[in-house]
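A.B. asks:
In our numbering, the protein residues as written are 4 to 210.
#1: Quick check on residue 132: does DSSP put it in helix, strand or coil?
#2: Report all residues from its chain with a CB closer than 6 Å to the CB of residue 61; omit the five preceding and five following residues, and keep chain order.
#3: For residue 16, does the count of other Cβ atoms within 10 angstroms reach 16, so buried, or fall short, so exposed?
#4: Could you name the residues that DSSP lists as bridge partners for residue 162?
#5: Expressed to the nearest angstrom, what Euclidean distance is found between the alpha-carbon atoms of residue 109 and residue 186?
#6: Let me know if residue 9 comes out buried or exposed under the rule of 16 or more other beta-carbons within 10 Å of its beta-carbon.
#7: For the alpha helix (DSSP H) containing residue 44, name the first residue and the last one.
#8: When the Cα atoms are used, what is the spatial distance from residue 116 to residue 12?
#9: Return the bridge partner residues of residue 56 from the DSSP annotation.
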């Protein structure tokens, strides 16, 4: 089961719950803001969150992560190339916001890693390193559900932005063409700031 919850910080951002229907356990992906709302959603549905997964290190995708880590007793994961963003308010772009954000506690992911649910070993996500928006941007691919959580690498209207520290247009284009658009055509791409779109639909727009 995939549930989307739009949270509002400086920007509106799509936070996702990836939950196993049988065990009611799962993951939170990109809790950008409104920790209380996210926590209440978890409690109301009786979910057990095993991990908090970040697609990249910008504050609008991780603003609620540290508080949720404490309340849910769930570790935060990020790709190593973006780890420094978590404690640098200039890199994570929160320096000019009303509440600068840091995330001091986190674990690191590997490209190609399979993140399995302890409560159901057959429920999992694959980590795909998709740099460009940031050096450590990743896509979480749920092959059994036919979905991919792409963060800000790709939107329904086109590629993500590369004008922030660490952004690289060439890397972004290579990530999209060689890693995301090579997924099965009916895979639904779930981004941080736009509506879902399939790989086939995105290919027709970009290629």
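In this text, a Cβ means the ideal position worked out from N, Cα and C, and glycines have one as well.
The model shown is predicted, which means the values in this text are computed figures rather than measured ones.
C.D. replies: Short version:
#1: Indexing the chain shown from 1 puts residue 132 at position 129. In the structure shown, residue 132 sits in a strand (DSSP, three-state: E or B).
#2: If you number the chain shown from 1, residue 61 lands on position 58. 95 and 96, listed in sequence order.
#3: Within the chain shown, the letter at position 13 stands for residue 16. Per the 10 Å Cβ criterion, buried.
#4: Against the chain shown, residue 162 aligns to sequence position 159. BP columns for residue 162 point to 157.
#5: Residue 109 sits at position 106 when you count from the first residue of the chain shown. Residue 186 sits at position 183 when you count from the first residue of the chain shown. Going by the C-alpha atoms only, they are around 29 Å apart.
#6: Here the question's residue 9 lines up with position 6 in the chain shown. Per the 10 Å Cβ criterion, exposed.
#7: Within the chain shown, residue 44 is the residue found at index 41, counting from 1. Start and end: 38-48.
#8: As a position in the chain shown, residue 116 is number 113, starting the count at 1. As a position in the chain shown, residue 12 is number 9, starting the count at 1. Cα to Cα, the separation comes out at about 30 Å.
#9: In the chain shown, the residue the question calls residue 56 occupies position 53. Paired residue(s): 32 and 80.
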